[in-house]
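Participant: Dropping the structure in here first, questions after.
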Amino acid sequence: MNGKNYTWYLLAPSTAAINFGPNNLAIAEVNNKKITIANTPKGLFACAHACPHAGGIMAQGHIDALGNIVCPLHRYKFSIHNGRNTSGEGYYLKTYPIEQREEGVFIGFEQKGLLNF
Numbered sequence: 001m002n003g004k005n006y007t008w009y010l011l012a013p014s015t016a017a018i019n020f021g022p023n024n025l026a027i028a029e030v031n032n033k034k035i036t037i038a039n040t041p042k043g044l045f046a047c048a049h050a051c052p053h054a055g056g057i058m059a060q061g062h063i064d065a066l067g068n069i070v071c072p073l074h075r076y077k078f079s080i081h082n083g084r085n086t087s088g089e090g091y092y093l094k095t096y097p098i099e100q101r102e103e104g105v106f107i108g109f110e111q112k113g114l115l116n117f
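In this text, residue positions in the sequence shown follow our numbering: the first is 1, and each later residue adds one.
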């Protein structure tokens, strides 16, 4: 993928089980961690629960016409694909990979440790 090692956790048994509409955001809890799930025309995406700038709850924001996730507090915009701040303030929003498998929809959390360079 990108040279990083991930631990994969089941998010839902299927995409049909993730029942919120297109271009919407929702909060999910996976492995005791709150995350934001975005349902877009290009698929499901996952990112941090809170904005890196001022802690706004990202699921209370929205997805703009360009597919960016917009923080509800100060309207900072982030690419849902890589977390890059697209409105120019220089922050990065943590993103998580999502994989659809036969067993369900999985989210990957980066493994941390001394052996992961």
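A virtual CB, placed ideally from N, CA and C, is assigned to each residue, including glycine.
Give the range of the beta strand (DSSP E) segment to which Lys42 is assigned.
Facilitator: Taking the sequence shown and counting its residues from 1, the one referred to as residue 42 is at position 42. No beta strand (DSSP E) contains Lys42, which DSSP labels as neither H nor E.
Participant: Tell me which same chain residues have a C-beta within less than 7 Å of the C-beta of Met58, skipping the five on either side of it?
Facilitator: For the purposes of this step, residue 58 is taken as residue 58 along the sequence shown, with counting starting at 1. So the list reads Leu25, Thr36, Cys47, Ala48, His49, Ala50, Cys51, Ile69, Cys71, once near-sequence residues are dropped.
Participant: Terminal residues of the continuous beta strand (DSSP E) containing Gln60?
Facilitator: Counted from its first residue, the sequence shown places residue 60 at position 60. Note, Gln60: premise wrong, no beta strand (DSSP E); not H, not E.
Participant: Going by C-alpha to C-alpha distance, which of Gln111, Gly108, Gln100 sits closest to Ser14?
Facilitator: Counted from its first residue, the sequence shown places residue 14 at position 14. When only C-alpha atoms are compared, the closest one is Gln100.
Participant: What is the rounded straight-line gap between the Cα of Asn85 and the Cα of Lys94?
Facilitator: Working through the sequence shown from its first residue, we reach residue 85 at position 85. Working through the sequence shown from its first residue, we reach residue 94 at position 94. One C-alpha to the other measures close to 11 Å.
Participant: By the 10 Å Cβ neighbour count, where 16 or more other Cβ atoms means buried, how is Gly88 classified, buried or exposed?
Facilitator: Stepping through the sequence shown from its first residue, residue 88 is reached at position 88. The residue in question, Gly88, is exposed, as its Cβ has fewer than 16 Cβ neighbours within 10 Å.
Participant: Report the CB separation of Gln111 from Asn32 in whole angstroms; it is logged as a contact under 8 Å.
Facilitator: Looking up residue 111 in the sequence shown gives position 111. Looking up residue 32 in the sequence shown gives position 32. The pair is not a contact, with the Cβ atoms about 16 Å apart (cut-off 8 Å).
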